[in-house]
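The sequence shown begins at 841 in my numbering and counts up by one. Note that CB positions come from ideal geometry on N, CA and C, so glycine has one too. Being a predicted model, the structure only gives us computed values, none of them experimental.
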Amino acid sequence: MRHVRLCALLALGLALAFAFADAAESKKARCCEKAEKAGKTCDHVCCIEAAKHGKHCEKCGGKN
Ligand SMILES: [Zn+2]
Ligand SMILES: [Zn+2]
C-alpha cells in the first residue's frame, strides 16, 4: 500500500507543477502550441508578427 501512496503523491506533484507552469508569466497562445505540437509554426499573421519580436501572441491568448 505504501507504493500506491507514493504514486498518488507523485501524481499530485506533477499536477501542481503543471498548475504552476500554467500560471507562469510567459505563455504561448493555444494556436501556436497546437502548431508546435504538430511540428509546425502557427500561420496566424498576428502570431508570426509577435514571434518576430520574440514574443507570444497576446491576441490569441498568449502572455509575455
Ligand atoms: Zn498562433
Ligand atoms: Zn495570434
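For Lys895, name the three-state secondary structure that DSSP assigns. As a working mapping, residue 895 is identified with position 55 in the sequence shown. Three-state result, Lys895: coil.
Check whether the stretch 844 to 856 and the stretch 880 to 892 are in contact - that is, three or more C-beta pairs closer than 8 angstroms. no
Does the beta-carbon of Ala878, which I'm using as the reference point, lie nearer than 6 angstroms to any heavy atom of ligand 1? As a working note, residue 878 is residue 38 in the sequence shown. No; taking the cut-off as 6 angstroms, the Cβ of Ala878 has no heavy atom of ligand 1 nearer than that.
Proximal residues to Cys871 (C-beta, below 7 angstroms), its chain only, five neighbours per side dropped: Working through the sequence shown from its first residue, we reach residue 871 at position 31. So the list reads Cys882, His884, Cys887, Cys900, once near-sequence residues are dropped.
If you draw a straight line from the C-alpha of Gly902 to the C-alpha of His896, how long is it? Taking the sequence shown and counting its residues from 1, the one referred to as residue 902 is at position 62. Taking the sequence shown and counting its residues from 1, the one referred to as residue 896 is at position 56. Near 5 angstroms, if we compare the C-alpha coordinates of His896 and Gly902.
State buried or exposed for Ala851, treating a residue as buried only when at least 16 other CB atoms are found within 10 Å of its CB. Sequence index remark: in the sequence shown, residue 851 carries index 11 (1-based). Exposed, because fewer than 16 other Cβ atoms sit within 10 Å of the Cβ of Ala851.
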